[in-house]
Amino acid sequence: MSDHDHHAQPQPPETRDAGSQALAEALASSFVIVKFAMVALVVIIFAAGFFTVGLQEKAVILRFGKPQGEGQKMLLGAGLHWALPYPIDEVVRIPISEIQKVTSTIGWFLTTPEMELAGTEPPAGPSLNPQIDGYVLTADRNIIHTRATVSYHIDDPRTAIFNFTSGTNHSFNLAGVSNAVQNAANNALILTSARFNVDDILTRDIAGFQDAVRQHVSRLVENEKLGVTIDQVQVQSVAPRQLKDIFAQVSIARQNREKLITEAQSKENQILSEAGAQAASITNAAASASHRFVTSIQADAETFAQLLPQYQSNPKLYMQLELAKAMPQILANVEKNFMPAHADGKSTELRLLLNREPPQPRSAANP
Amino acid sequence: MNKKKNLITILIAAVLVVIFALLLFTFQVRQSEVAVLTTFGKPAASNLDQPSLYFKWPWPIQQVYRFDQRVQNFEDKFSENYTADNTVLLTSVYVGWRISDAKEFFPKFAGGSVAAAQRQLEAMLRSAKAAVIAKHKLADFVNSDPAQLKFTAIEEEIKTAVQTELASHNYGISIDFLGVKKLGLPESVTQTVFDRMKSERTKYISEAQFNGEAAATKIRSAAERQAADLIANAQAAATRIEGAGVAEAAKTLGVFQQNPELAVFQLQLEALKTSMNQKTTLVFDERMTPFNLFQNWSATPSTK
């Protein structure tokens, strides 16, 4: 404003003396500089509206404090973006990774990532210090260790970012929500263990326990309106290190019991199928013997009926003929010895050597 | 030319003035915030909890106090309490709380200090927990029967107790959720629990051994009995089948009665045929038919 006033004064020059001319030129050039500076300032203000978003973060534009865009559109991804200058728009950056994952903080004994990787455990004392070692109580009042890893995704960024904080004042991140999910997991482990028996958690119903924990976490997350959805919950449970061996012995004993029973069952199958086969063969043999008997009697009866007329015509002759007919057949397989008759009619002595055929030697016939 | 130049200059200057005035006379409340406007130190009647642009007189007339209205997480210390059946139980709870009424909140805690508020919250939780846990037995905390498990109800009772306390003092704080974060037993008790668990396990081991053998023996003996039954039944069936066969055959016996002599002859002949089928040595008298034919045919004795 004051520049303008100074400029207006030398505007109507009456005399074109060298001094006033020089002053006018100087003023004109300084005005140009000021004008240029003002334009530059405006340009800078607008150019400053450009900002980039990295891969490991998202940005939200707050216009007069209110997030722009609804749902997932609120989150600006990696790339170049533009916003109005500060008093109108404010850009907040939120560190956000692709995978949202938390692990419960209670329920597991004190260990380090190095020990986890090496698969070793810290030495077990006779008792558990509640300040250091985590554990849960089961329904049958056993102590076990358990932990849950929860994967989730952000459903409603407005809720997740602007409704929860981890205490870091006025900064924006997802720490508040991940903290809440973590406590939901802790709570789920305690409450679910409280209604499961130790053997169900450790061996008999591992999947059921995991599923119950997942349901509990999902329910809490929904009730607490965290704006996230639980994708997966993995639960790992172990017996206390102090009792590891005896727990292992129980499972071995139980496996042995199963083995004994399985063996007995296969023996049962064997015994029953053998008995079944034997029973079938007994009845089959009886059936076929009976059938054979009946048919042979019937065949004999038929033959008898056919022969009866011939026999009745001359019984004696018939019998002689039949016997003579049968003789060659009967004698075909027989070793024959003849005893010549003595003229004096005395009996002949016959000696048999009985060592040739082991089975049933026949005694000597009459002379 | 000069006039146009002046116009641009005035415009740019005006923009700058507007921006400056905006900074001086307005303020923003962000989505996550709640603000209280004070006029000469006196708070306004309402909280500014919606994100927007608000007007104010510049300092020192009016002043803005901002608070985070997001849900804060607070966890109390792992502390011991007695249950109704005199068990010592260690519990720690997490609380999701937030400033629900900033104009009430900030005069009560020095400068609206969150830490001061949480100290107050911790004291309330301590007494609420002690009161609620003392009303319940251990069986209400751990129980395999869902009907007797009262864990969720216990959490609800603690929450209600703290909420009532907060409301009666009008702290401007509300509790969104509360849950047990950690549950434990005193260190010395864990050792006795381990001893009990150990003896339980030992019992299970002998049970499993005994049960396994008993069950296996039971299965085997049942199978053997069943097998014996099967064979006995089969033998009975066989006897019945044979009996039926004999009865069937008896129907044809009438045929043979027409001439028993022939029947007997036939049977004898048949018996002879079958009995001579095997390797047999017979010694005959020459006078026996049909070999008596030889005697009349030749005087030479046959010695074979």
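For the protein sequence lines, the chains are W and H, in the order given.
With the numbering used here, letter number 80 in the first sequence gets 72, and the count goes up by one each step, no holes.
Going from the second sequence to the numbering used here is simple: count from 1 and add 5.
The beta carbon of each residue, even a glycine, is placed where N, CA and C say it ideally should be.
Residue burial annotation: H:A213 is buried, with at least 16 other C-beta atoms found within 10 angstroms of its C-beta.
Secondary structure of W:E17 (DSSP, three-state): helix. Per DSSP, W:G71 lies in no alpha helix (DSSP H) segment; the continuous beta strand (DSSP E) that holds it begins and ends at G71 to W74. CA-to-CA, the gap between H:R103 and W:T195 works out to about 42 Å. Residue nearest to H:A128 within the set H:K142, H:R201, H:I163 and H:L21 is H:I163 (criterion: CA-CA distance). Annotation for H:Q55: V34 place their beta carbon closer than 8 Å to its own, counting only its chain and skipping 5 residues before and after. For W:T130, there is no enclosing alpha helix (DSSP H), as DSSP marks it with neither H nor E. Just so you know, the alpha carbons of H:F30 and H:V41 end up roughly 15 Å apart.
Distance between H:E253 and W:L315, taken at the CA atoms: about 30 Å. Per the C-alpha coordinates, the member of H:K187, H:P48, H:K256 and H:A18 positioned closest to H:F110 is H:P48. Per the C-alpha coordinates, the member of W:W74, W:Q298, W:F43 and W:I98 positioned closest to W:T141 is W:I98. By the neighbour-count criterion, in which 16 or more other beta carbons inside 10 Å mark a residue as buried, W:P301 falls on the exposed side. For H:V251 and H:V260, the gap between their C-alpha atoms comes out near 15 Å. Boundaries of the beta strand (DSSP E) harbouring W:P87: D81 to P87, taken from the DSSP string.
In the DSSP assignment, W:I244 falls within the unbroken alpha helix (DSSP H) covering K236 to S305. The secondary-structure analysis by DSSP pairs W:R139 across a beta bridge with W:Q228.
Among the residues of chain W, those whose CB is under 7 Å from the CB of H:A249 are S282, following chain order. Look at H:R230 here: in three-state DSSP terms it is helix.
Within chain H, the residues whose beta carbon sits less than 9 Å from that of W:S158 are Q77 and N78, listed in sequence order. H:E192 reaches chain W at S119, L120, N121 and P122, counting residues in chain order whose Cβ is nearer than 7 Å. H:L188 is classed as buried because its beta carbon has at least 16 other beta carbons within 10 Å across all chains shown. Between W:L181 and W:V128, the CB-CB gap stays under 7 Å. Residue contact with chain W for H:M129: absent (no Cβ-Cβ distance below 7 Å to any residue of chain W). Not a single C-beta of chain W is nearer than 7 Å to the C-beta of H:E162. For W:L54, the uninterrupted beta strand (DSSP E) segment begins and ends at E49 to R55. For the pair W:A240 and H:A135, the Cα-to-Cα distance works out to about 39 Å. Within the segment 162 to 179 of chain W, contact with chain H at the beta-carbon level (separation under 8 Å) is assigned to H162, F164, G168, N171, A172, N175, A176, N178 and N179. Collapsing the DSSP output to three states places H:Q74 in coil.
Put simply, the CB of W:L54 is near chain H, with a gap under 7 Å to one of its CB atoms. Contact between the segment 243 to 260 of chain W and the segment 150 to 166 of chain W is absent: fewer than 3 CB-CB pairs across the two stretches fall below 8 Å.
The residue among W:V227, W:Q224 and W:N261 with its C-alpha nearest the C-alpha of H:R230 is W:N261. Distance from the Cα of W:S96 is smallest, within the candidate group W:A199, W:R206, W:A75 and W:I135, for W:R206. W:F285 belongs to the set of residues whose beta carbon lies under 7 Å from a beta carbon in chain H. Per DSSP, the continuous alpha helix (DSSP H) segment holding H:D145 begins and ends at L143 to F146. By the beta-carbon neighbour count (other beta carbons within 10 angstroms, threshold 16), W:R284 is exposed.
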